[in-house]
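**Student:** Residue numbers (the numbering used here): -17 to 22.
Each residue gets a CB set at the ideal place from its N, CA and C atoms; glycine is no exception.
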C-alpha cells in the first residue's frame, strides 16, 4: 500500500513539474533553457 502511494505521489509530482516547466517555457524561453541546463 505504501509503495503504491509513493508511486502515485511521484506521478503527481512529475505531472506538476511538467505543467510548471510548460508554463515557464511559455512565459520565458530563456528561463526554460536555464532550467534544462540545471537538470542536466
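Starting from residue 10, trace the alpha helix (DSSP H) in both directions and tell me its first and last residue.
**Tutor:** Taken as a continuous stretch (DSSP letters only), residue 10 belongs to no alpha helix (DSSP H), as it is neither H nor E.
**Student:** Can you tell me the Cα-Cα spacing of residue 43 and residue -10, whole angstroms?
**Tutor:** Residue 43 lies beyond the residue range present for the chain, which begins at -17 and ends at 22; the question has no answer from this structure.
**Student:** Among residues of its own chain, excluding the 5 on either side of residue -7, which ones have a beta-carbon nearer than 7 Å to its beta-carbon?
**Tutor:** Excluding residues within five positions, none has a Cβ falling inside 7 Å.
**Student:** Can you give the Cα-Cα distance for residue -3 and residue -14, rounded to whole angstroms?
**Tutor:** Rounded to the nearest angstrom, the two C-alpha atoms are 17 Å apart.
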